[in-house]
Structures are given as C-alpha cells and as structure tokens.
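Let me begin by presenting the structure, written as structure tokens, before commenting on it.
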Amino acid sequence: MALPPLTLTPAEEGALRAFHPGGDRLSHHSGSRLGSRSGASVEFHEHKAYETGDDFRRVDWKVAARTGRLFMKTYREERSVRALALVDVSRSMRLPFPGAGERTRLEAAGAFAFLMERLFFFHKEEIGMASFAGRLLDWAPPETGGAHHRRLGDLLESWRSVSPGNEKVLRESDFSRTLHGVGERLGAPTDLYILSDFYAEASGLEASMAPLMARGHSLTLVCVLEPLEFSPQAPAGPEVVAVDGETGQKERVDSQVFRRGYGAAAEAHLAELSAWARQRGLGWLPWWAGRPSFPQFLSILEGR
42 MALPPLTLTP AEEGALRAFH PGGDRLSHHS GSRLGSRSGA SVEFHEHKAY ETGDDFRRVD
102 WKVAARTGRL FMKTYREERS VRALALVDVS RSMRLPFPGA GERTRLEAAG AFAFLMERLF
162 FFHKEEIGMA SFAGRLLDWA PPETGGAHHR RLGDLLESWR SVSPGNEKVL RESDFSRTLH
222 GVGERLGAPT DLYILSDFYA EASGLEASMA PLMARGHSLT LVCVLEPLEF SPQAPAGPEV
282 VAVDGETGQK ERVDSQVFRR GYGAAAEAHL AELSAWARQR GLGWLPWWAG RPSFPQFLSI
342 LEGR
C-alpha cells in the first residue's frame, strides 16, 4: 500500500517552531522529556519581584528606574538536546488489526518519528533514528544537518512501506538484543524513545535498560495503540481466527469470547505496562493509530 507522504502545513510548521525540544513543557509530560539534556549557557527567562535575601546583583535597575520597584532578572539554562527514535518494525507493528483496513501501528509510529525529526531539525538539535525487530536493524546516530535529516526521511519512508522483508528477522521484537546493540553504539548521554506496541516480553527490556540508564541515557516508552483493540468487533460466524501478532501463530476462538475478552485484555495490558514504566522511572507516552497525528503531538508539547 502506498502511503501519503509525511508533510506539515505552514501552520503546523509554525506551531512546531514555537516549541524547543528542551523546553520545560516538554520535560515533564507523563514522565517523558523529549529532550532536556543540559547545555553550557543560560538565557534570560523573566522578571520577578525582589524579595529579602535575593541576590542584589541581579536587580534590573532599568526596570527599577521605570517602575519605582525592584525586580530581579531570572535565568534558565539553555538546553542542548540529543535524542534517538527507536522504531519497532516487527510483525505485530506491520499487521493491520481486523476492521482497521490497511492501517498499521508502524504507520502511526512513523508519523510520531517524523514529527519528532521535524521538531529537532527546526531547532538544529541532534536526533537519530534506528529500527529493530529480532535485533537492531537500521542505524542513524544522532546528528544535525540537512544531509542527515534527508537520510532520516529516507529511513522513515522505507519503514512505512509494507513489505514482508526478512520474516526471520522481522517476526518478533527482542528488546534485550536490541538495547544491547544500542548501548554499544551510543556515546554521549541520549534521550531514547522506543516506539512499539510492547507485545514482546518486558523481561528483555528490564534487563537491558539498567546499563543504558547507568551511562546517563534516558528511556521513554511510546506505546503505539490501535483503538479497535479496545472495542473489537468480532466478524460474523461462531468462531474467529486469532493471529498472534508477534509469532504469526493462529488459533480459533469463540466469537463471543473474543468480543468480551479482547478489549479487557488490551486495557489490562496498557495499565500494567504504564505502571511498570513509571515504577522504573521511565517516560511514558501513549500514541494512537488512526487519530490525527499533529494534534496528538501538539498535546505532548503543551503538556496536556
């Protein structure tokens, strides 16, 4: 299926340019930071009324002369940002959910990665992209520059193209093997965003994230969700052929059992994964397939 190109309208581009990847509103949304690596310089933030004990050297005398009151200059650290979007291209991410047409989670993940790439490009901050399934696949480390961002665009388009590929490699997600490979390649502390449905066992993720965090990297789980999973409609007939998204194994299930149980299982999986991430100090972002991408991303930037 040929997907429409990933683009921004002039209004959307203007909205993205109004936010910096290291801004405070990005740093605390649902535990996610979308950047915020410390830099070496500071910038003026705002004035505040002088209070006893404040550093008198920071009084803005021009403002005092104009208003007759003492105001302090406050500053905040300018932040340089280094991030990597790690995109799951395994079978379950490429498999459309029944009733969703040809829509896939991988298409939605590509939209998130595209918006993240544009945000970093506009502010000349370092961003990289990589893909994984049974192991780490494509690798473009965090950099800046026009040629680098064109390469990221090419990678995104290749991931969004639905193709069987090497089924042995693309079948199941292996977090342990993948994150070990990431750790070997990443140098400076980086904010790592993992885009996946997280159907694979979390044990591999848990075993691999500690060494990364110990080296100063941060992790945010971007859970790509299919809305129909939470209210599935069983097709006509007494049975449904359920397909395991990771392994491809098929199993016949009673239609009524499928209708009652699948949505509840999806809700439980989401709640457990969210709690698991927060308990371990990881960032957490839900990202919905089938919903307009830009409003979702803007909500993240605005901290809503």
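Adding 41 to a residue's 1-based position in the sequence shown gives its number in the working numbering.
For glycine and all other residues, C-beta sits at the position ideal for the given N, C-alpha and C.
Keep in mind the model is a prediction, meaning the values are calculated, not measured.
Per-residue burial, residue i [other beta carbons within 10 Å of its own, 16 or more giving buried]
i	result
T93	exposed
E148	buried
P46	exposed
G257	exposed
D238	buried
P183	buried
W328	buried
D65	In this prediction, D65 scores a pLDDT of 40, lower than 50, which makes its location untrustworthy; no coordinate-derived value is stated.
Per DSSP, the bridge partner or partners of residue i
i	result
F112	A90
V223	None, per the DSSP bridge assignment.
D27	Beyond the ends of the chain as shown, which are 42 and 345, falls residue 27; an answer cannot be given.
T261	Y234, G324
W180	A171
L266	W329
Alpha carbon of residue i to alpha carbon of residue j, nearest angstrom
i	j	result
E213	P62	32 Å
M157	A306	30 Å
R123	F173	20 Å
A106	D95	19 Å
R146	R132	10 Å
A56	F335	10 Å
E225	L127	14 Å
D101	M113	6 Å
G304	E267	11 Å
E247	D179	23 Å
G151	G109	55 Å
Reference residue i, options the options, closest by Cα
i	options	result
E343	T48, A59, P45	A59
R332	L323, S121, M113, F153	F153
E270	Y91, A309, V100	A309
T48	T261, R159, T115	R159
A241	S259, R176, H189	R176
F163	G187, F216, Q320, R319	G187
E166	H190, E143, R144	H190
L197	L236, G222, D215	L236
Quick one: complete alpha helix (DSSP H) runs, 4+ long, within the region 140-173?
-> Entirely contained in the region 140-173, the alpha helix (DSSP H) runs reaching 4 residues are, in chain order, 146-163.
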